[in-house]
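Take the sequence shown: its position 22, counting from 1, is numbered 22 in my numbering, and each next residue is one higher.
Ideal placement from N, C-alpha and C gives every residue a C-beta, glycine not left out.
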Amino acid sequence: VSSVGVTNVSLIIDDVFNETNSSGINNTNYIFSKIISEGIHTWNYQSCNSEGCSNGTERTFTIDSTAPQITIISPTGQIDSHSIGDLLFLNWTVLDLNLDSCWYDYNSINTTVTCLDNTTTFNTEENNQNLTFYANDTFGNENSETTSWTYAFLETGVDFTFNVSETSNQFFEINVTTDITVLSISSIITYNGTNFTSTASCTSGNCTINNLLDIPLVTSGEFENKSFFWTLSIFNGTDSISIQTSTRIQNVSRIHLEECGGAFTTQSLNFTAHDEQNLSRIDPFLFEATFDQWLGNGSVKRQSNFSQLSTSDEALCISPTDETFFIDAIIEYDEAGNASIYTLRNFFFQNDTINNVSEDIFLYLLLSSSSTSFILKVQDDSLLPVTGTLIEINRFYPGTNEFRIVQIARTDDLGKSVGFFETEIVDYKFFITLNNETLLETGIQKVVPEASPFTLTFNIGEPLGEPWKSQNEISDLNSSLTWNDTSGFVTYIYIDSSGDLTLARLLVIQESLVNSTANSVICNETSSLSSATLSCNVGNDSGFYVASSFINRGNGEGLDKQFTFQVETLSSIVGLLGLFYAWFLILIASFMFKFNEIAGIWAVTITVFLVNLTGLINFGGVFVTGTIAVALILTWIMER
């Protein structure tokens, strides 16, 4: 301070008088030593004498001794799934008042970034899972932060076709490796927002997941990018873990079946109309059709509609031109205009194929005056209706010695359709098909209207065959199975010379005519001898019986012989009518009492004996014996 008469000098920091020196020394340097906090500050001084005070020029200064503060948000820790070579996001925050520059070191390569962008991406390298981020400020303070990460599932390979057509069937596969213990794994692929179950398997940490999909339709324009990824569900014995793979893109292009012209020049189908009888062209004709077309398995189809009220021909073209298309179609055709000269007909395609080799389709119309309609009925071997089958009607043309398809009909839910024929003079042949597979080919026949409504019935399926199954004869066995109605015995005699016999069995069952579960086993006799006689005492109880013999040679029991027989008495045969006859005979015998008492007694006694003997009434032996004894006593008494 060089003023005269200085009384004091003050230091001003951030507009605050911080310290005053009142030594009053003129023409000298006043020195103040202060510890100032970090930040931006102002400083000044004030000098005073007896005449007043005066300030110097205010100055600004900055104090910065702290390095930038870095936080790496990602990548860090465990990443669910990643494919080496794909991009990873690097996200960070950096705090510093005087930030200058930022960069990161990955794979020994420094890459500069804009500090306040807070995000960038980098390509990953195999076996390199750490990165160092750097930042410095304008005062030369520098800081760094290192991050490292692991992959729960490392995607080692993905197999799919990038450019595909809609409706085509495509293969998708991803291979991943993991250090996680995988006890079970399941997966779904999310394609264009729709989930499909995948096939997944793991062996020693190497997992394969794949799908076969019909590609969905392009919803707008000619091309669309459709995204897909897999979600893996893993159980490690303790926890269930869900992992989502990287998202990938597939470019899908639209398929076309269009009327030829403009951009569509590769013809695949050409339709013309003809008179069925003389084969002349019908020009113009009406053509209306709905086509479903696809390239894959048919779970996704593109639909095309065509309507021509009057056309000479209908040519359809495909795109892409190097593909084989599958088609379903229903076509309605007739002569053009409102005339009714011909009968309107249908033509169908069902799971047929078309390509860049054009096919001519002749649509035949039959004059209404020559046409007779028939119900066409298709049924299976159980006589149930078969729906959705095509009935291909072929007409024979002697002039060219060939059959031509003149109509194709399709059965409805009742297995029926309608065909139009020239009856009695034309030879026809029929093919019944379903999804392009022939179910029935008929012989050549004329169509003759008989009972109304006129109907042609086609039976498809395997023949029912014989109602009975033949019994295989057992080799090296001599046997007989007999029933003796006098003795009441069933006897099975066998001699097995095979040397393999383990068991022979005789089974006799009494059948219940009311309830099959009430059948009773009368005998179940067995023998392990190579030859034996097995017997069963059935007795004289009335009923229906089944006798069966079986041979077991260690590979299961086989039926040898079997027959049914019936045990019955006369009373069981004649029933109540026999009971009436018996008592009627006894009543007639009792009329002998009118002539002689003793004669009447013995007439009744003898009638009871004969009725019991014939079986009209089963009185039993005790009753008959008692009756004879009573007759003897009465006779003796009366004779005396």
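Anticipated Cβ contact below 8 Å, residue i with residue j, distance rounded
i, j, result
"residue 40", "residue 66", "No, residue 40 and residue 66 are not in contact; Cβ-Cβ is about 14 Å, not under 8 Å."
"residue 456", "residue 374", "5 Å"
"residue 347", "residue 331", "4 Å"
"residue 303", "residue 81", "That pair is no contact at about 38 Å."
"residue 203", "residue 237", "So it is not a contact: roughly 17 Å between Cβ atoms."
"residue 68", "residue 141", "7 Å"
"residue 722", "residue 534", "The requested residue 722 is not part of the displayed model; the chain covers only 1 to 640."
"residue 94", "residue 103", "In fact, because the Cβ distance is near 11 Å, the residues do not count as touching under 8 Å."
"residue 473", "residue 433", "Wrong, their Cβ atoms sit about 43 Å apart, outside the cutoff."
"residue 75", "residue 132", "That belief does not hold up - the Cβ atoms of residue 75 and residue 132 are roughly 13 Å apart, past 8 Å."
"residue 295", "residue 167", "5 Å"
Residue i, buried or exposed, once every other Cβ within 10 Å from all chains shown has been counted against 16
i, result
"residue 293", "buried"
"residue 623", "exposed"
"residue 17", "exposed"
"residue 538", "buried"
"residue 446", "exposed"
"residue 150", "exposed"
"residue 453", "exposed"
"residue 632", "exposed"
"residue 34", "exposed"
"residue 424", "exposed"
"residue 501", "buried"
"residue 636", "exposed"
"residue 5", "exposed"
"residue 157", "exposed"
"residue 70", "buried"
"residue 273", "buried"
"residue 249", "exposed"
"residue 444", "exposed"
"residue 630", "exposed"
"residue 345", "buried"
Beta-bridge partners of residue i, as assigned by DSSP
i, result
"residue 224", "252"
"residue 483", "490"
"residue 102", "113, 135"
"residue 651", "The structure shown does not extend to residue 651, since the chain is modelled only from 1 to 640, so the question has no answer here."
"residue 536", "490"
"residue 59", "43"
"residue 130", "148"
"residue 196", "189"
"residue 287", "308, 333"
"residue 420", "373"
"residue 302", "293"
"residue 230", "189"
"residue 504", "527, 551"
"residue 521", "509"
"residue 725", "Look at the range of the chain in this structure, 1 to 640, and you will see that residue 725 is not part of it."
"residue 593", "Partner(s): none; residue 593 has no beta bridge."
"residue 342", "367"
"residue 449", "In DSSP, residue 449 forms no bridge with anything."
Beta-carbon proximity check, residue i vs residue j, cutoff 9 Å
i, j, result
"residue 43", "residue 14", "yes"
"residue 214", "residue 299", "yes"
"residue 395", "residue 357", "no"
"residue 544", "residue 566", "yes"
"residue 84", "residue 124", "yes"
"residue 420", "residue 363", "no"
"residue 334", "residue 285", "yes"
"residue 98", "residue 60", "no"
"residue 431", "residue 422", "no"
"residue 283", "residue 342", "no"
"residue 297", "residue 351", "no"
"residue 411", "residue 376", "yes"
"residue 492", "residue 479", "yes"
"residue 643", "residue 628", "Only positions 1 to 640 of the chain appear in this structure, which leaves residue 643 out of reach."
"residue 379", "residue 458", "yes"
"residue 45", "residue 29", "no"
"residue 100", "residue 136", "yes"
"residue 521", "residue 460", "no"
Test: residue i CB closer than 9 Å to a CB of chain C
i, result
"residue 537", "Absent from the structure is chain C; it holds one protein chain and no more."
Count the CB pairs spanning the segment 251 to 269 and the segment 163 to 176 that are closer than 8 Å, and state whether there are at least three. Yes: the two stretches touch, three or more of their Cβ pairs being nearer than 8 Å.
Evaluate the contact criterion for the segment 260 to 272 versus the segment 309 to 328: three or more CB pairs, one atom per stretch, below 8 Å. yes
Is the segment 202 to 214 close to the segment 172 to 192, with three or more CB pairs under 8 Å? yes
Should the segment 225 to 232 be called in touch with the segment 177 to 193, which here means at least 3 C-beta pairs below 8 Å? yes
Is it true that the segment 490 to 502 meets the segment 523 to 541, where meeting means three or more beta-carbon pairs spaced less than 8 Å apart? yes
Does the contact criterion of 3 or more C-beta pairs under 8 Å hold for the segment 45 to 64 versus the segment 78 to 92? no
Contact between the segment 500 to 507 and the segment 537 to 556: three or more CB pairs below 8 Å? yes
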